[in-house]
Each structure stands twice: as structure tokens, then as C-alpha cells.
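Peer 1: Heads up: the sequence shown at position 69 corresponds to 339 in the working numbering, and the numbers run straight through without jumps. The structure is given below, and queries will be raised subsequently.
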Amino acid sequence: MDKEEQKERLAFAQFECERKINASRQGDDLLYDNVTNTRMCEMVWDNILCWDPTPADTVSKQPCPGYVAQFNTS
271 MDKEEQKERL
281 AFAQFECERK
291 INASRQGDDL
301 LYDNVTNTRM
311 CEMVWDNILC
321 WDPTPADTVS
331 KQPCPGYVAQ
341 FNTS
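Written out as C-alpha cells, the structure is:
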């Protein structure tokens, strides 16, 4: 993948993430999951990955994205 394709893929991933964020926005940085009775941190784009809502005071992880060149995705 060349640098231009890299930029396009990253921009598309950001667009999709921001679309999901806007669709789920509830106006507060902490959400509440009524099913699990857990406070949740909002979905966020960190300039590489889109992070789903996560229980507060926890650590989340996900695999390296396939749309970033030279990441070891194995």
C-alpha cells in the first residue's frame, strides 16, 4: 500500500468512526449501561482506531488495523 492509499484508508476509517460516534452520542462523556449497571466511556476515534464504548475504569484492547501499512496484524 502506498502513502496515498494509506491516507485514504485512514480517512475512511475516521469518517466511519465519527459517523458511528455521532449516531450514538448522548451528550455526556460517561454513559450508563442499564443491563449491566455499569458506567461506560463514550466511543472515541484516537487517530488510528475507533474504540467502542467501554466500561469505566477498565482497559480495552483491539488488534492492529489492516488499513495501516506496516502494522504487524498477526
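Using N, Cα and C, we set each Cβ at its ideal position, and we do this for glycine too.
Throw me the rounded Cβ distance for the MET313 and ASP322 pair, which I believe falls under 8 Å.
Peer 2: Indexing the sequence shown from 1 puts residue 313 at position 43. Indexing the sequence shown from 1 puts residue 322 at position 52. So it is a contact: roughly 6 Å between Cβ atoms.
Peer 1: Could you have a look at ARG309 and say whether DSSP puts it in helix, strand or coil?
Peer 2: The sequence position of residue 309 within the sequence shown is 39, counting from 1. In the three-state scheme derived from DSSP, where H, G and I count as helix and E and B as strand, ARG309 is classed as strand.
Peer 1: Between MET310 and ALA293, how many whole angstroms is the CB-CB distance? I'm expecting something under 8 Å.
Peer 2: Residue 310 sits at position 40 when you count from the first residue of the sequence shown. Residue 293 sits at position 23 when you count from the first residue of the sequence shown. Not confirmed; about 16 Å, so no contact.
Peer 1: According to the Cβ coordinates, are TRP315 and CYS334 closer than 8 Å?
Peer 2: In the sequence shown, counting from the first residue as 1, residue 315 sits at position 45. In the sequence shown, counting from the first residue as 1, residue 334 sits at position 64. No. Outside cutoff.
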